[in-house]
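Enquirer: In terms of our numbering, the sequence shown opens at residue 3 and continues consecutively. My structure is below; once you've seen it, I'll send some questions.
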Amino acid sequence: MRRFLCAILFTIIAFSACRKPNSIGVNKFTDAAIIKIKDYQDRRLSDSLVQYFSSKNLSYREDAALAFASIQDSTMVGRLEKLLSGDTIAAVRKAAAYALGQTPSSKSESILANALGYEKDKSVYAEILESYGKVTKKWHLEVRDDDSLVLHGLAWSFYRSGYKGTSEDSIFNADASFLLNPAVMQPTRLGSAHYFARSARDFVRFQKTIIASARWDSSNDVRIASTLALGKIMTDSSRIAAQIILQEDRDYRVRISAAHALQSFPFDQIWRFVRKSLHDENINVGIASSEVIKTTATKAYWKDILLSAREAKNWRIQANLYEAALGASGDNGLAEEIRAIYSNTSNPYHKAVLLMALQHSISSCEFIQEQLLNATVPVVRSASATSLVAMNYGKSFEPALQKRFATFYINAIKTGDPAVIGTIAGALADPELGYKNVVEDYAFLYAAKQSLSLPKDNEAMQPLEAAIALFEERKLPTAVNNAFNHPIDWSIVTRIPSDQKAVIVTTKGKITIRLLVEEAPGSVANFVQLVQARYFDDKYFHRVVPNFVIQTGCNRGDGWGSEDYSIRSEFSGRRYKTGSVGMASAGKDTEGTQWFITHSPTPHLDGRYTIFAEVESGMDVVHQIEVGDKILNIELK
Numbered sequence: 003m004r005r006f007l008c009a010i011l012f013t014i015i016a017f018s019a020c021r022k023p024n025s026i027g028v029n030k031f032t033d034a035a036i037i038k039i040k041d042y043q044d045r046r047l048s049d050s051l052v053q054y055f056s057s058k059n060l061s062y063r064e065d066a067a068l069a070f071a072s073i074q075d076s077t078m079v080g081r082l083e084k085l086l087s088g089d090t091i092a093a094v095r096k097a098a099a100y101a102l103g104q105t106p107s108s109k110s111e112s113i114l115a116n117a118l119g120y121e122k123d124k125s126v127y128a129e130i131l132e133s134y135g136k137v138t139k140k141w142h143l144e145v146r147d148d149d150s151l152v153l154h155g156l157a158w159s160f161y162r163s164g165y166k167g168t169s170e171d172s173i174f175n176a177d178a179s180f181l182l183n184p185a186v187m188q189p190t191r192l193g194s195a196h197y198f199a200r201s202a203r204d205f206v207r208f209q210k211t212i213i214a215s216a217r218w219d220s221s222n223d224v225r226i227a228s229t230l231a232l233g234k235i236m237t238d239s240s241r242i243a244a245q246i247i248l249q250e251d252r253d254y255r256v257r258i259s260a261a262h263a264l265q266s267f268p269f270d271q272i273w274r275f276v277r278k279s280l281h282d283e284n285i286n287v288g289i290a291s292s293e294v295i296k297t298t299a300t301k302a303y304w305k306d307i308l309l310s311a312r313e314a315k316n317w318r319i320q321a322n323l324y325e326a327a328l329g330a331s332g333d334n335g336l337a338e339e340i341r342a343i344y345s346n347t348s349n350p351y352h353k354a355v356l357l358m359a360l361q362h363s364i365s366s367c368e369f370i371q372e373q374l375l376n377a378t379v380p381v382v383r384s385a386s387a388t389s390l391v392a393m394n395y396g397k398s399f400e401p402a403l404q405k406r407f408a409t410f411y412i413n414a415i416k417t418g419d420p421a422v423i424g425t426i427a428g429a430l431a432d433p434e435l436g437y438k439n440v441v442e443d444y445a446f447l448y449a450a451k452q453s454l455s456l457p458k459d460n461e462a463m464q465p466l467e468a469a470i471a472l473f474e475e476r477k478l479p480t481a482v483n484n485a486f487n488h489p490i491d492w493s494i495v496t497r498i499p500s501d502q503k504a505v506i507v508t509t510k511g512k513i514t515i516r517l518l519v520e521e522a523p524g525s526v527a528n529f530v531q532l533v534q535a536r537y538f539d540d541k542y543f544h545r546v547v548p549n550f551v552i553q554t555g556c557n558r559g560d561g562w563g564s565e566d567y568s569i570r571s572e573f574s575g576r577r578y579k580t581g582s583v584g585m586a587s588a589g590k591d592t593e594g595t596q597w598f599i600t601h602s603p604t605p606h607l608d609g610r611y612t613i614f615a616e617v618e619s620g621m622d623v624v625h626q627i628e629v630g631d632k633i634l635n636i637e638l639k
């Protein structure tokens, strides 16, 4: 750790020295007052921020209001209401509306609903609508305005409310269906499509509109979401449309949505289509299809699936199909075949998914435990723990095995591996599994807690604290929060141009991103320091979810790694679109070294994960990245 901090210190000096003199003052943080506002935001100092609400400088008022979108202090909604109702500048009112939507509170809901009665600016009105959707407990508005901006806010209000389960389907479905009309502007159609994909229920009577949008909308992004919605319409017409899209759509991400939609239908109706798509020209479609098979396979097809597994060239597809076949059959000979493949591969990520496949073989539990205790690669240890816990939840698990698994769990936690501790503790904390009645001495949980430290091990500490609370017969503790640490280094921030680029050189090619220092100064400064320290060199892309994200920056290579510091979340109102670069986290204000790039719009991440950059070029490379690919180096340009 000391070595790492020394490298960061060197970075600060080196970054200051390497910039040309004319790079000083190339972003808005030449203004000392704006630095103060952002620093108060970073330190979560609400009282210090509200003094800027009355500033004559509109930028100060706007930035101060926007700061509360990240702080989310419910005691300050009254102050934000005054800005929303009384400020003469639309941008300030819009920032206040967004901050209220980021701050769950019954007061936020009523303030936003009332504001619709007096707000005249259409862009602010749209923001109020969308923010209302985020905080309402029951959507009940009368909106009679066909302005394009208002319709945009309405579509996204439907989505936000529906996503949190507070929508009125009988009201929303007809209006959202109308907003899918090709004549409506694309961002509005996108909101409506995501409403149907992720939020709506009981909309079979609108299937013609959904199918038309999924098949023929001019926007790839809209088709991605509308196609996913087909999985919620249980008709032959919907299934056939998804089958056609899986075979014919020109965008691989839409084909992935079609595969996911087919997951809702009986396996005998979809098998021949998803089997064919295992060989799609885009490997991500094949991977997604194998995941659908893994989730939906039935016993009657396990031998056919096994044949496809043996033919598979891609290791992820292979492992998913083996898991599908084993899960459907429970065949002991097949489990032995999987263990043989495991022994013959040197790829730790391949080993990890094969271990996950073995969760369906109770007879493999000793083998999996052995891998956990003896593995030298973190991703194998964490996968072993995850597989054992999944086996515990499986339909084949018998009560007679509980004492045996309790011993497994105790030995696993004693390894001191944070990922193993977090995963196993999650099982021990579940009262439904009943380990409180089996484990008599839980001193090993206290020893595990002593081996962890905050903020580095926050993700593992949360389930461990829950397990301890269960065994001590006390209420579940509140979330494990990191104390303030790692303040923003403003000497770094003030030297980062507002158009600063970074070129990420990977094993698949180059990706150029533009850093958003003015919106996320803490996250960007953190990234720059890590780049200058060569921290990301040789880091794996440890997580790739087709048509979602590629993720990297983990010092363990399994998603559980971090350094012994954390930074705060920074929410600016920017939306997740194709090529957004966001900070991974284990909850608000727990960000560190891991980050991800999106394959397509992901609105469910908006306002929950910091966006600190966007891809400028190289999205073709992003779409090609697979688990196990590496960052070779990153250069600031």
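Ideal Cβ placement from N, Cα and C applies to all residues, glycine included.
Note the first and the last residue of the continuous beta strand (DSSP E) segment covering Q371.
Expert: What you label residue 371 is simply residue 369 of the sequence shown in a count that begins at 1. Note, Q371: premise wrong, no beta strand (DSSP E); alpha helix (DSSP H) at C367 to N376.
Enquirer: Taking just the CA atoms, how far does L447 sit from E250?
Expert: Taking the sequence shown and counting its residues from 1, the one referred to as residue 250 is at position 248. Taking the sequence shown and counting its residues from 1, the one referred to as residue 447 is at position 445. E250 and L447: Cα-Cα distance of roughly 53 Å.
Enquirer: So, helix, strand or coil for M2, using DSSP?
Expert: An answer regarding residue 2 cannot be provided, because it is not within the stretch 3 to 639 covered by the chain.
Enquirer: Is DSSP giving I494 helix, strand or coil here?
Expert: Against the sequence shown, residue 494 aligns to sequence position 492. It is helical.
Enquirer: How big is the Cα-Cα spacing for F31 and I498?
Expert: Residue 31 sits at position 29 when you count from the first residue of the sequence shown. Residue 498 sits at position 496 when you count from the first residue of the sequence shown. Those two C-alpha atoms are separated by around 10 Å.
Enquirer: Between which two residues does the alpha helix (DSSP H) holding M621 run?
Expert: Taking the sequence shown and counting its residues from 1, one reaches residue 621 at position 619. Per DSSP, M621 belongs to the alpha helix (DSSP H) from M621 to Q626.
Enquirer: Exposed or buried, what is A402 when buried is set at 16 or more other beta-carbons lying within 10 Å of its beta-carbon?
Expert: The residue labelled residue 402 in the question sits at position 400 within the sequence shown. Exposed, by the Cβ-count rule.
Enquirer: Once the 5 residues before and after S76 are set aside, which same chain residues still bring their CB inside 7 Å of it?
Expert: For the purposes of this step, residue 76 is identified with residue 74 of the sequence shown, where counting begins at 1. Here the set comprises T105 and S107.
Enquirer: Opposite Q452 in the DSSP bridges: which residues?
Expert: Within the sequence shown, residue 452 is the residue found at index 450, counting from 1. Answer is none; Q452 lacks a bridge partner.
Enquirer: In whole angstroms, what is the alpha-carbon distance linking D204 and D171?
Expert: Taking the sequence shown and counting its residues from 1, one reaches residue 204 at position 202. Taking the sequence shown and counting its residues from 1, one reaches residue 171 at position 169. The alpha-carbon atoms of D204 and D171 are separated by roughly 7 Å.
Enquirer: Beta-carbon within less than 6 Å of K296's beta-carbon, same chain only, minus the 5 sequence neighbours each way: which residues are those?
Expert: The residue labelled residue 296 in the question sits at position 294 within the sequence shown. The residues are N322, E325 and A326.
Enquirer: At 4 residues or longer, and completely inside the segment 548 to 600: list those alpha helix (DSSP H) runs for me, N to C.
Expert: Listed in chain order, there is nothing to give.
Enquirer: Can the beta-carbon of A504 be found closer than 8 Å to that of L638?
Expert: Locating residue 504 in the sequence shown gives position 502, counting from the first residue. Locating residue 638 in the sequence shown gives position 636, counting from the first residue. The answer is yes: Cβ separation under 8 Å.
Enquirer: What distance in whole Å lies between the Cβ atoms of E132 and W158, which are believed to be in contact at a cut-off of 8 Å?
Expert: Taking the sequence shown and counting its residues from 1, the one referred to as residue 158 is at position 156. Taking the sequence shown and counting its residues from 1, the one referred to as residue 132 is at position 130. Contact holds; Cβ gap of about 4 Å.
Enquirer: Between Q320 and K510, what straight-line distance do the alpha-carbon atoms span, to the nearest angstrom?
Expert: Residue mapping note: residue 320 aligns to position 318 of the sequence shown, counting from 1. Residue mapping note: residue 510 aligns to position 508 of the sequence shown, counting from 1. Distance between the alpha carbons of Q320 and K510 is about 22 Å.
Enquirer: Under the three-state reduction of DSSP, which class applies to Y542: helix, strand or coil?
Expert: To locate residue 542, count along the sequence shown from 1; it is residue 540. Looking at Y542 - three-state DSSP - the assignment turns out to be strand.
Enquirer: Quick test of the definition: if touching needs 3 or more C-beta pairs under 8 Å, does the segment 276 to 296 touch the segment 530 to 543?
Expert: Counting Cβ pairs under 8 Å, fewer than three are found: no touch.
Enquirer: Suppose contacts are defined by Cβ-Cβ distances below 8 Å. Is A678 in contact with A244 by that definition?
Expert: Outside the shown range of the chain, which is 3 to 639, sits residue 678, and nothing can be said about it.
Enquirer: Let me know the alpha helix (DSSP H) ranges lying completely inside the segment 218 to 242, each 4 residues or longer, listed in chain order.
Expert: Listed in chain order, the complete alpha helix (DSSP H) runs (minimum 4 residues) inside the segment 218 to 242 are 222 to 231.
Enquirer: Quick one: any contact between the segment 292 to 312 and the segment 557 to 570, if contact means 3 or more CB pairs under 8 Å?
Expert: With a cut-off of 8 Å, the segment 557 to 570 and the segment 292 to 312 do not count as touching, because too few Cβ pairs lie within range.
Enquirer: Return yes when the Cβ of Y100 is within less than 8 Å of the Cβ of L114, no when it is not.
Expert: The residue you call residue 114 lines up with position 112 of the sequence shown. The residue you call residue 100 lines up with position 98 of the sequence shown. Going by C-beta atoms, L114 is not nearer than 8 Å to Y100.
Enquirer: Does DSSP classify L638 as helix, strand or coil?
Expert: Counted from its first residue, the sequence shown places residue 638 at position 636. DSSP places L638 in strand when its eight states are reduced to three.
Enquirer: Cβ atoms of I627 and V546: under 8 Å apart, would you say?
Expert: Here the question's residue 546 lines up with position 544 in the sequence shown. Here the question's residue 627 lines up with position 625 in the sequence shown. Their beta carbons are under 8 Å apart, which means V546 touches I627 by this criterion.
Enquirer: Roughly how many angstroms separate the alpha carbons of F410 and N376, rounded to a whole number?
Expert: In the sequence shown, counting from the first residue as 1, residue 410 sits at position 408. In the sequence shown, counting from the first residue as 1, residue 376 sits at position 374. Rounded to the nearest angstrom, the two C-alpha atoms are 13 Å apart.
Enquirer: L454 to M463, Cα distance in whole Å?
Expert: By 1-based counting over the sequence shown, the position of residue 454 is 452. By 1-based counting over the sequence shown, the position of residue 463 is 461. Rounded to whole angstroms, L454 to M463 spans 7 Å at the Cα level.
Enquirer: Are P548 and I289 closer than 8 Å when you measure CB to CB?
Expert: Mapped onto the sequence shown, residue 548 falls at position 546. Mapped onto the sequence shown, residue 289 falls at position 287. Taking 8 Å as the Cβ cut-off, P548 and I289 qualify as a contacting pair.
Enquirer: If you drop the 5 nearest sequence neighbours on each side, which residues of the same chain put their C-beta closer than 6 Å to that of G581?
Expert: In the sequence shown, counting from the first residue as 1, residue 581 sits at position 579. Hits under 6 Å: E616, V617 and M621.
Enquirer: P63 lies in the alpha helix (DSSP H); which residues open and close that run?
Expert: Within the sequence shown, numbered from 1, the residue matching residue 63 stands at position 61. As written in the sequence, residue 63 is Arg, which differs from the Pro given in the question. Run containing R63: L60 to I73, per the alpha helix (DSSP H) assignment.
Enquirer: Where does E434 sit, in a helix, a strand or coil, going by DSSP?
Expert: Position 432 of the sequence shown, counted from the first residue, corresponds to residue 434. Three-state DSSP puts E434 in a helix.
Enquirer: From I515 to G155, what distance separates their C-alpha atoms?
Expert: Locating residue 515 in the sequence shown gives position 513, counting from the first residue. Locating residue 155 in the sequence shown gives position 153, counting from the first residue. Roughly 29 Å separates the two Cα atoms.
Enquirer: Write down the C-beta distance between I246 and N286 rounded to the nearest angstrom, noting that I regard them as a contact closer than 8 Å.
Expert: The residue given as residue 246 occupies position 244 in the sequence shown. The residue given as residue 286 occupies position 284 in the sequence shown. 19 Å between Cβ atoms; not a contact.
Enquirer: Take R610 as the anchor and find which of I39, S72 and S493 has the nearest alpha-carbon.
Expert: As a first step, residue 610 must be located in the sequence shown, where it is residue number 608. Nearest of I39, S72 and S493 to R610, Cα basis: S72.
Enquirer: Does the distance from the CB of S493 to the CB of E520 come in under 8 Å?
Expert: Here residue 493 refers to the residue found at position 491 when the sequence shown is read from its first residue. Here residue 520 refers to the residue found at position 518 when the sequence shown is read from its first residue. Contact: no.
Enquirer: Answer yes if the segment 378 to 386 comes into contact with the segment 339 to 349, meaning at least three C-beta pairs across the two stretches below 8 Å, and no otherwise.
Expert: No, they do not touch.
Enquirer: Identify whether F55 lies in helix, strand or coil by the three-state DSSP scheme.
Expert: The residue labelled residue 55 in the question sits at position 53 within the sequence shown. In the structure shown, F55 sits in a helix (DSSP, three-state: H, G or I).
Enquirer: Got a sec? Which residues, its chain only, sit under 6 Å from F2 by beta carbon, not counting five neighbours each side?
Expert: Since the first residue of the chain shown is 3 and the last is 639, residue 2 is not available in this structure.
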